[in-house]
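Under numbering that gives the first Met the number 0, the first residue of the sequence shown is numbered 0, with each subsequent residue one higher. Glycine residues also receive a C-beta, built at the ideal position from the N, C-alpha and C atoms. Computed from a predicted model, the values in this text were never measured in an experiment. See below for the structure under consideration.
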Amino acid sequence: MLKREENHVFAAPVEAVVARWTDADFLTAMMQAQGSREIAVTVENRSSDEIHVAITRQVPVDAPAMIRAVIGSWLDLTQRDVWTRAADGRWSAVRDAKPRGLSAEGRCLLVLAPGDQGGALCTATVSVQSRAPMVAAMVESLMLEDSTRLLRQEFEAVAAAA
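Below is the structure:
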């Protein structure tokens, strides 16, 4: 398993950032801008303190030709984010992502906390794990790099919109 931590400071308050990350239209447009296709986003507000986001999409495979020859140029990805609000005003999300046809999965824990001057501080811990025989380390490395790149793009898109 590989892990990486990313941090981002948003000028917008926590509630505005969560509103973007749980807006189906925003998420669809953002993922289209990232190159994804066949995107379906469902948002379910379970309560004022819990929001579930389910996303299916095809993502372009950014990998060496050897990997693309095996899995193709597009990968079907299922993602589920569960957002919960804590009593202190922080929001956290557990994001699970599973590419179809790969013996691998990704997870991201996002924590949004109130920051200076009304903004929001985000800490994200990205982890990936593969059980693919003989190529697990390569698959994990590629997935971690791609997941981190997409997360940074999300940070920028959310910051621009919030």
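Judged by pairs of C-beta atoms under 8 Å, the region 106 to 117 touches the region 85 to 95, as three or more such pairs exist. DSSP places Q78 in the strand class (E or B) of the three-state scheme. Of the candidates A11, E14, I54, I54 places its Cα closest to the Cα of M29. Below 8 Å, enough C-beta pairs join the region 94 to 104 and the region 125 to 143 to call them touching: three or more. In the DSSP annotation of this structure, the continuous segment of the alpha helix (DSSP H) that includes A136 starts and ends at 135 to 160. The beta carbons of V8 and T21 sit no closer together than 8 Å. Bounds of any beta strand (DSSP E) do not take in L101, whose DSSP letter is neither H nor E.
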